[in-house]
Structure formats: C-alpha cells, structure tokens
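Residue numbering for the sequence shown follows the UniProt record's numbering, starting at 1 and increasing by one per position.
Where is the CB? At the ideal position from N, CA and C, for every residue including glycine.
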Amino acid sequence: MLFSANVILGIPENVNFTGFNLYSMKIFRFLVIIVLVALVFNACKKSNEFVVSGKITHAEDRTIYLEELLVSGTKPVDSMKIGSNGEFKFKGETSLPTYYLLKFDVGKHITLLIDSAEQINVEADFANFSYEYNVEGSSGSKLVKDLATHLNRTIEKLDSLRSLNDMYVGNPDYENLKAQWDEEYSQVVQEQVDYSTKFVMDNPFSMASVLALYQTFDNRQSFVINDLQTMRVAASALNSIYPNSGHVKALYANTLQILKNEENRKMQRFIQENGQNSPEIILPDPNGKEIALSSLQGKLVLLHFWAAEDRASRVLNPALVEAYQKYKNKGFEIYQVSLDNNRIEWVDAIDQDNLGWINVGDMKGCAQAVQTYNIQTVPYNYLLDKDGVVIAQNLKGPGLDRALSKILN
Numbered sequence: 001m002l003f004s005a006n007v008i009l010g011i012p013e014n015v016n017f018t019g020f021n022l023y024s025m026k027i028f029r030f031l032v033i034i035v036l037v038a039l040v041f042n043a044c045k046k047s048n049e050f051v052v053s054g055k056i057t058h059a060e061d062r063t064i065y066l067e068e069l070l071v072s073g074t075k076p077v078d079s080m081k082i083g084s085n086g087e088f089k090f091k092g093e094t095s096l097p098t099y100y101l102l103k104f105d106v107g108k109h110i111t112l113l114i115d116s117a118e119q120i121n122v123e124a125d126f127a128n129f130s131y132e133y134n135v136e137g138s139s140g141s142k143l144v145k146d147l148a149t150h151l152n153r154t155i156e157k158l159d160s161l162r163s164l165n166d167m168y169v170g171n172p173d174y175e176n177l178k179a180q181w182d183e184e185y186s187q188v189v190q191e192q193v194d195y196s197t198k199f200v201m202d203n204p205f206s207m208a209s210v211l212a213l214y215q216t217f218d219n220r221q222s223f224v225i226n227d228l229q230t231m232r233v234a235a236s237a238l239n240s241i242y243p244n245s246g247h248v249k250a251l252y253a254n255t256l257q258i259l260k261n262e263e264n265r266k267m268q269r270f271i272q273e274n275g276q277n278s279p280e281i282i283l284p285d286p287n288g289k290e291i292a293l294s295s296l297q298g299k300l301v302l303l304h305f306w307a308a309e310d311r312a313s314r315v316l317n318p319a320l321v322e323a324y325q326k327y328k329n330k331g332f333e334i335y336q337v338s339l340d341n342n343r344i345e346w347v348d349a350i351d352q353d354n355l356g357w358i359n360v361g362d363m364k365g366c367a368q369a370v371q372t373y374n375i376q377t378v379p380y381n382y383l384l385d386k387d388g389v390v391i392a393q394n395l396k397g398p399g400l401d402r403a404l405s406k407i408l409n
C-alpha cells in the first residue's frame, strides 16, 4: 500500500469554511447536517481499549510491530515475535479513530484505522503481507484496505504503460503508439481521481478520507489534494467530530493554506488580465441611482461582495460597521455589491445591519461584476487605494482594521 502520510499540521481557531458558495450550493446544504452528526458521535461513549490480533503464515520467528502513525513519523506501541502458529496479539487504547501501522522490519506494512473498543483480526501471508490481507472487526480499516487495493491496481496499470513505452522506443510506429499510451495513462489517472473524490464524498465523516486525499503513486502524483471542494467537505465534516485529532488539524490547516494560495493566484491573474486598476462597476443603489465605483477615486475603498441571505455575510457586517465608523472621516468608503435576487430582503438587511455606506445591486446576482472580479464565495472583498489600484484582498475583522490603520493613521 502506498500512501503519502507525512503531512505538516497546525490549525488556527478562527477559520470558517462555511461561506456562501456561489457555484456549489450542494456543499452548503451538505454542511448543515454536520452539527447534527457531530452530536450523535459525541453522545456515543465507549471503552478506549482495542485489540489487534491475527495470524500471519510463513512468519515464524519474525518480529511484528504495532506503531501509531503520527502526522510526522511514528510512535512505537508494542512488538512481539511470532511463533510457529503464526499468531500475534496487541492491545492498546485510543479515544478516537487513529492510524496505526502493523509492520515487519523488512519494509512490509499495512495501515489500520482503529477506533476505541474494536476487536480487530488480521490474516495474511508474509510474502504478500502489504497487499493481500484480510481485516475484520474494523470498518475504518476496511475502508483503508479498499483505498490501498484500488491504488495498487492503478499503479500496476501505470507501470505497465510505462514499460510498454520504454520497450518500443525506437520502433518506427513509436509516435502513434505513444499517443495511444498517453491517452490511456491519462484515463487511468482520471479514474483514480474520480474514485478518490467519490470515496471522500461518500465517507466524509471517516478518517479514511484523509488518506484518500493524500494518496500518491510513486510518491510523485497527487490525485485529489488539489480538489478544493472535496478537501473543504472533508475538513469541515471531520473537524466537527474529531477536532482534537492531529491528522484532522493537519487537513484543516492544509486546506486553509491551499485556499490562501489560490486567493493569491487569483489576485495575480486578476492583475494580469485587468491591469493594476480595478475594473469599472456601475450599479444602482436601493433608490435606483446608478453609482460608479470609479466615482470614489481619491478615497480608500473597500469593494465588498455579499448577500443578504448569506449568514456569513451578515455575521461580518458588524465588523464592517465598526471599521466604517472608525475611518469614514479619514477618507475611507465602502462600495458594497449585493448578489441578492430579492430586493426586499436586501433593503431590509441594509436597514437591520445599519449599513450606512454605498450599497448597490441589480437584483440579478450582479453576474458581470462577479465574473470580472472572479468572485466564487461571499463575503469577499478587495481594498483599493486612492487611485483605484487593488492593494489587498479578503480582509476581515482584525485584518481589515490593521490594514486601514496602517494606511490612514
């Protein structure tokens, strides 16, 4: 079984992945059930002791080890020498699903996903220990085996295609054959991507999904890790149930970092496509008066995209009100673009949240502005200097206050 498990961990406490996703409301609807599932899981209390036992044929006098798989490295749990009957038995304790390695000192190992109180039985032959084994009594470990089996089949197919390529180099028909093999290679890789993605979406509350996200073949090609939507689902679901798991913290922090990197790439693309100056927006306010973004040049402007129906947008509004009151007399203005379709809800939200700055929206989702500024989730914003140049993005809470204070004080 080949997994890339050396993920670096850490998690900020103020991260929130529950923003209003404009292109995937399916994910939003999925996330609303997470709290309910978490309550069910937390209500189930059981013994922390687990047992791993079994029989490994043709392994007489060999030492077998049980090690906990940490974020970086492993921690020894126990070891024993296998007798003539091939049997072994380990006991341990865990309060939540945890990764363990059952291994020999000759590079053979399998990964188990052990939960508290599980009585696990493993049977295998020493020669094919890593690939052909049977595991019972652990649903998580069975999922891990499914992942390993599918990945190994993928690797075998890719190795076969690489061998054919090497074998026929120099053949008169090599270019045609290579084109065919390249297409087959891409299809095999895509099938693995689809499988791993579906696995995570089918098992979002299983710790096995973390391994699915970080599967690689030959320690080079990542299959799912660049799929942000899948990562966000797994990070949110697992964090709601296992917030103290080091591996979950790793996934959460890694997802956050990838999202930040994507935002930076988006900013660079935005600048390359539109130049330094922000593209024009002309939209009507609640009274029907059209207001141009460019009319605010000479002021420091927060171009803020939101939706009255989006809870995350509403939660952020008080911080915007505080910042506006603090800096409006120092040349700060907010140009807030609504992505709503319901005018009554929009106007009511403006009144209820005391949004005393410029509010605009066409009540059709502001599609042109959304496309121009590559808005995929709300709330989202850009900070424009007095010349209309984009100087920062997605500033919220303390981050917004620090930026405004640095410029205006």
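Completely contained beta strand (DSSP E) runs for the region 293 to 330, where each covers 3 or more residues: 300 to 306
Within the region 155 to 228, ranges of the beta strand (DSSP E) (whole runs, at least 3 residues): none
For I120, the first and last residue of its enclosing beta strand (DSSP E): Q119 to D125
Residues near D285 in its chain [Cβ-Cβ closer than 8 Å; skip 5 each side]: I291, I358, N359 and V360
Other residues of its chain near S294: CB distance less than 6 Å, five sequence neighbours each side excluded: E280
Supposed close pair T255, R232 - CB separation, criterion 8 Å: 6 Å
Unbroken beta strand (DSSP E) run spanning P284, endpoints: I282 to P284
K198 burial status per 10 Å Cβ neighbour count (16 or more: buried): exposed
Any chain C beta carbon closer than 9 Å to S206: In the displayed structure, chain C is absent; only one protein chain is listed.
Buried or exposed (CB count within 10 angstroms, at least 16 for buried), D61: exposed
C-beta atoms of E87 and K75 nearer than 9 Å: no
A234, buried or exposed, once every other Cβ within 10 Å from all chains shown has been counted against 16: buried
Between the CA atoms of D385 and S138 - distance to the nearest angstrom: 58 Å
K89, buried or exposed, once every other Cβ within 10 Å from all chains shown has been counted against 16: exposed
Proximity below 9 Å, CB of Q190 to CB of H150: no
Exposure of V337, with buried meaning 16 or more beta-carbon neighbours within 10 Å: buried
Complete runs of the beta strand (DSSP E) confined to the region 42 to 73 [at least 3 residues]: 49 to 57 and 63 to 69
Per-residue burial, M80 [other beta carbons within 10 Å of its own, 16 or more giving buried]: exposed
Segments of 3+ residues assigned as beta strand (DSSP E) that fall wholly inside the region 320 to 399: 332 to 338, 358 to 360, 380 to 384 and 390 to 393
Simplified DSSP assignment, three categories, for E262: helix
Beta-carbon spacing of T111, S160 below 9 Å: no
DSSP bridge partner residues for L256 (one or two, in chain order): DSSP lists no partner for L256.
Where G92 falls: helix, strand or coil (DSSP): strand
DSSP bridge partner residues for T111 (one or two, in chain order): L101
N128 and T94 closer than 9 Å at C-beta: no
Residue environment, L408, which counts as buried when at least 16 other CB atoms sit within 10 Å: exposed
N134, enclosing beta strand (DSSP E) - first and last residue: Y133 to E136
Integer-rounded CB distance, given that R402 should sit under 8 Å from D353: About 23 Å separates the two Cβ atoms, so there is no contact after all.
Check whether Y131 and V122 have beta carbons under 9 Å apart: no
Counted within 10 angstroms of its Cβ, other Cβ atoms place Q325 as buried (16 or more) or exposed: exposed
Contacts around N264, its chain only, beta-carbon distance under 8 Å, and the 5 residues preceding and following it disregarded: none
Local conformation of N277 per DSSP, three classes: strand
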